[in-house]
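Below is one structure; the comments refer to it alone.
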Amino acid sequence: MIGKSITDGNFIDSWQGCQEYAQLSDNECVLLGNEGAANARQQLTAINLALDKVSFDALALSVTNSNYLAQGLANINIPLITFDSPFAAKDNKLSRAYVGIDNVEFGRQLGELVKKLKPNGGRVCIFSTLHDTNIAQRVWGVRQALSGYSQLPVDSRLQGQTAWIESDRCPLNTADNIPRALNQLQATLQADEADIYIAVGWWPIVDSQAYRQTIADYQHKFRSHEVVLVAGVGKTEPEYDELLEQHLLHGYVSINFPEIGRLSAKIMTELSQGKALTDNTLFVANIVRTVEGLADK
Numbered sequence: 001m002i003g004k005s006i007t008d009g010n011f012i013d014s015w016q017g018c019q020e021y022a023q024l025s026d027n028e029c030v031l032l033g034n035e036g037a038a039n040a041r042q043q044l045t046a047i048n049l050a051l052d053k054v055s056f057d058a059l060a061l062s063v064t065n066s067n068y069l070a071q072g073l074a075n076i077n078i079p080l081i082t083f084d085s086p087f088a089a090k091d092n093k094l095s096r097a098y099v100g101i102d103n104v105e106f107g108r109q110l111g112e113l114v115k116k117l118k119p120n121g122g123r124v125c126i127f128s129t130l131h132d133t134n135i136a137q138r139v140w141g142v143r144q145a146l147s148g149y150s151q152l153p154v155d156s157r158l159q160g161q162t163a164w165i166e167s168d169r170c171p172l173n174t175a176d177n178i179p180r181a182l183n184q185l186q187a188t189l190q191a192d193e194a195d196i197y198i199a200v201g202w203w204p205i206v207d208s209q210a211y212r213q214t215i216a217d218y219q220h221k222f223r224s225h226e227v228v229l230v231a232g233v234g235k236t237e238p239e240y241d242e243l244l245e246q247h248l249l250h251g252y253v254s255i256n257f258p259e260i261g262r263l264s265a266k267i268m269t270e271l272s273q274g275k276a277l278t279d280n281t282l283f284v285a286n287i288v289r290t291v292e293g294l295a296d297k
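One point on numbering: in this note's numbering, the residue at position 222 of the sequence shown is 222, and numbering is uninterrupted.
Given below as structure tokens:
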């Protein structure tokens, strides 16, 4: 498995699920990549170094920069699938299968949470990151849900098509960096840039203590729902539910990364054995939680 980062908890969870499945048949699943924030160049370097040293039977890749990685992997001679983040459509021929969530639907689910929490609309700020295919798909899904237009062009901002409009400063490029995301949140709160924050990844809340410190001066606005924040996260954590109970977080959509890892291992095993796939797209269900309750999607 080649994650976007070997220190990111989501990819560690995916690898653990992959290894769990692999060990059932005396195989091994290895997590490759670089430490720290996602970086396409370091990701490709890690892949090439690994392939030079070890004879792998199959690879599962979480795509950062689709165009760059597609060029670098054009001549790969073992089965390649994607997980978590697929290639862009023009590069997808390199991948034999995709295992993960429906990222556009994931974004729509975040948007639907906001519509329930703020039915009269408001000023929206989206936390994103540049170049990652799956993140772009999630942002698109958010905008589809809030605009009410499923055919909304990619990269078309919310400009008051309905009751929601994006702040001029947003979307924010977190660069997959947690301290940067918290600084951005603090700056936009201070400037009163938005009253609806949608993080399509877990950057602002993954360090729940740092998040609490960041919003300390604005807790009254969060508790009264004058300001709301929803986020996409990895596996459910007690800290997230505690934030929900205290109305400091207003909703999240959770991804089952261990199951993504298990399914990826299953597909890689089948491909390495020369088996034909019955399905080249495997979606993992999400869990949606809000201040109003729990729903499985």
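Even for Gly, the Cβ is constructed at its ideal location relative to N, Cα and C.
Being a predicted model, the structure only gives us computed values, none of them experimental.
Check the Cα spacing between T214 and each of A194, H225, R180: the tightest is with R180. For W140, no beta strand (DSSP E) encloses it; the enclosing alpha helix (DSSP H) starts and ends at 133-147. Within its own chain, the residues whose Cβ lies closer than 6 Å to the Cβ of L248, once the five positions on either side in sequence are excluded, are F222, listed in chain order.
F257 is positioned such that its CB atom lies no closer than 8 Å to that of K275.
Shown here, C170 sits in coil according to DSSP, grouped into three states, outside any helix or strand. The straight-line gap separating the alpha-carbon atoms of R262 and L69 is approximately 24 Å.
N177 is positioned such that its CB atom lies closer than 8 Å to that of A37. Look at the region 251-286 and you find these whole runs of alpha helix (DSSP H), each 4 residues long or longer: 257-272.
DSSP, reduced to helix, strand and coil, places N65 within a strand of the structure shown.
T281 is classed as exposed because its beta carbon has fewer than 16 other beta carbons within 10 Å across all chains shown. For C125, the uninterrupted beta strand (DSSP E) run begins and ends at 122-128, by DSSP.
Contact annotation: S272 and I81 have beta-carbon atoms that are not nearer than 8 Å. In the structure shown, L59 adopts extended strand secondary structure according to DSSP, grouped into three states. DSSP, read as helix, strand or coil, puts T82 in strand.
The C-beta distance from R123 to I165 rounds to 6 Å, short enough to meet the 8 Å contact threshold. Beta-bridge pairing by DSSP links Q159 to I165.
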